[in-house]
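Residue numbers (full-length UniProt numbering): 1 to 412.
In structure tokens, the structure reads:
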């Protein structure tokens with residue numbers, strides 16, 4: 001991900017210790033750093049990495065100004081007059097700082113292991129396997145919806161048969177001797193039974209992804225921490241205490257706007273009352289956008305700041321295809337293509353080799369991928385047949401309803 005992407009910026013004042021004065025300017029947040037630029041001179045007064053921050057606190061300066069302090073490598077930086085308010089800036093900065101610390105720890109552990117070429121390939125295939133499994137979950141949920149539609153159409157056809165018999169009885173003259181045979185006897189007739197309540201889909205469907213977010217509802221200026229959960233049937237938004245704030249079914253979502261690789265807004269339109277919309281900001285949002293694009297492909301809108309991301313940076317490096325190789329400079333294969341094997345040391349050459357155990361593991365993952373691909377193909381074929389059956393059943397039901405409506409109009 002490009003380090004120069006500006007995630008957010010806020011007008012504020014920075015206390016310059018050298019001149020003992022507050023300097024108005026703009027505080028900016030990027031994926032890896034925090035910067036402050038003076039308003040009048042345009043000078044960059046603060047520029048440090050998120051990984052170097054030791055503490056972020058809300059304090060008061062001289063018992064007057066409510067300020068935000070950032071402790072970085074023993075130096076405390078003071079920021080005040082924050083807009084829209086101090087709590088919003090604090091929540092967003094703390095969120096990205098914590099996520100950066102977690103990602104730095106994972107990256108450090110991975111670098112300490114000095115993974116070989118085989119392990120790099122294994123990680124790529126495992127990422128592809130996870131993405132294919134997520135796709136299979138979505139297809140399975142879609143297939144269940146088709147099955148439910150088919151059951152509803154079969155019930156409609158049964159109701160049409162009953163209506164045909166009743167209309168035939170009403171159309172028959174009173175002296176017709178065989179008219180009573182068209183009615184079911186009281187012993188045969190059974191009242192409709194109330195169907196058992198369907199189980200809650202959220203309780204039995206799998207979770208595709210759950211990430212911490214900073215959420216804002218409609219035009220509310222307060223940004224609060226929460227969680228975004230992606231499900232095969234929709235998405236859920238919860239607050240910091242894991243209490244459900246809102247659940248969007250897939251059919252309820254009218255559009256999802258991608259403002260940047262780290263910020264999206266989800267909206268449900270209404271007539272006669274305000275739309276229900278949430279704005280979500282997260283450090284791990286690049287992991288969620290590809291899944292959202294798979295589920296809501298016709299409802300995604302990439303705005304100007306996210307157009308580059310929609311084509312190139314849709315998924316994390318571990319799940320990408322061709323762009324992974326040039327982007328990951330730490331992969332031995334990239335060095336081999338640029339410099340050749342002649343410039344490598346013995347350790348680098350050793351890491352280039354794929355061991356027998358790694359080859360066996362790669363073979364097993366490839367078998368799983370093949371099985372998942374075949375199952376996905378079979379499910380798609382079954383859903384194509386179900387769609388054809390749904391279309392023909394709906395056409396038959398429409399024709400029968402029109403015919404019965406004409407018969408009822410003749411009776412009246």
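Positions of the beta carbon are idealized from the N, C-alpha and C atoms, including for glycine.
Ranked by how close their Cα comes to the Cα of residue 207, the residues 218, 214, 224, 230 have 230 in first place.
Pairwise C-beta distances place the region 143-150 out of contact with the region 238-245, as fewer than three of them are shorter than 8 Å.
Residue 223 is positioned such that its CB atom lies closer than 9 Å to that of residue 92. DSSP, reduced to helix, strand and coil, places residue 156 within a helical segment of the structure shown. Out of 45, 51, 234, 94, the CA that lies nearest to the CA of residue 137 is found in 234. In the three-state DSSP reduction, residue 148 falls in the helix class (H, G or I). A straight line joining the alpha-carbon of residue 17 with that of residue 76 spans about 10 Å.
Contact holds between the region 49-59 and the region 67-83, because three or more Cβ pairs, one in each stretch, are under 8 Å apart.
Across the structure, residue 277 and residue 119 are spaced so that their CA atoms are roughly 43 Å apart.
A straight line joining the alpha-carbon of residue 239 with that of residue 87 spans about 16 Å. A Cβ-Cβ separation of about 14 Å leaves residue 228 out of contact with residue 258 under the 8 Å criterion. At a Cβ-Cβ threshold of 9 Å, residue 24 and residue 40 count as neighbours. Sequence-distant Cβ neighbours of residue 380 in its own chain, meaning closer than 8 Å and more than five residues away, are 139. Classified as buried, residue 79 has 16 or more neighbouring CB atoms from the shown chains inside 10 Å of its CB. Sixteen is the threshold: since fewer than 16 other Cβ atoms of the shown chains lie within 10 Å of the Cβ of residue 11, the residue is exposed. Rounded to the nearest whole angstrom, the C-alpha separation of residue 43 and residue 26 is 11 Å. Under the Cβ criterion (8 Å, minimum of three pairs), the region 269-276 does not count as touching the region 289-296. Annotation: the continuous beta strand (DSSP E) that includes residue 210 extends over 209-217. In the DSSP secondary-structure assignment, residue 69 is bridged to 57, 78. Residue nearest to residue 254 within the set 299, 402, 260 is 299 (criterion: CA-CA distance).
Just so you know, the alpha carbons of residue 31 and residue 218 end up roughly 25 Å apart. The bridge partners DSSP lists for residue 48 are 34.
For residue 295, the closest of 391, 209, 281, 392 by C-alpha to C-alpha distance is 209.
In the DSSP assignment, residue 303 falls outside any beta strand (DSSP E) and carries neither an H nor an E. Contact check for residue 28 against residue 50 fails: the beta carbons are separated by 9 Å or more.
Cβ-Cβ separation between residue 95 and residue 286: approximately 15 Å, too far for a contact (criterion under 8 Å). Along the region 226-297, the beta strand (DSSP E) occurs as fully enclosed runs of 3 or more residues at 234-239, 244-249, 255-260, 263-268, 276-281, listed in sequence order.
Contact between residue 129 and residue 368 holds, since their C-beta atoms are separated by about 6 Å, short of 8 Å. Residue 263 sits buried, since 16 or more C-beta atoms from the chains shown fall within 10 Å of its C-beta.
One alpha carbon belongs to residue 213, the other to residue 398, and they sit about 46 Å apart. With contacts defined by Cβ atoms closer than 9 Å, residue 171 and residue 407 form a contacting pair. Taking C-alpha positions only, residue 250 is separated from residue 281 by approximately 20 Å. Following the DSSP letters along the chain, one finds residue 13 inside the beta strand (DSSP E) bounded by residues 8-16. For residue 390, there is no enclosing beta strand (DSSP E); the enclosing alpha helix (DSSP H) has its first and last residue at 356-411.
Residue 28: member of the beta strand (DSSP E) spanning 21-29, first to last residue.
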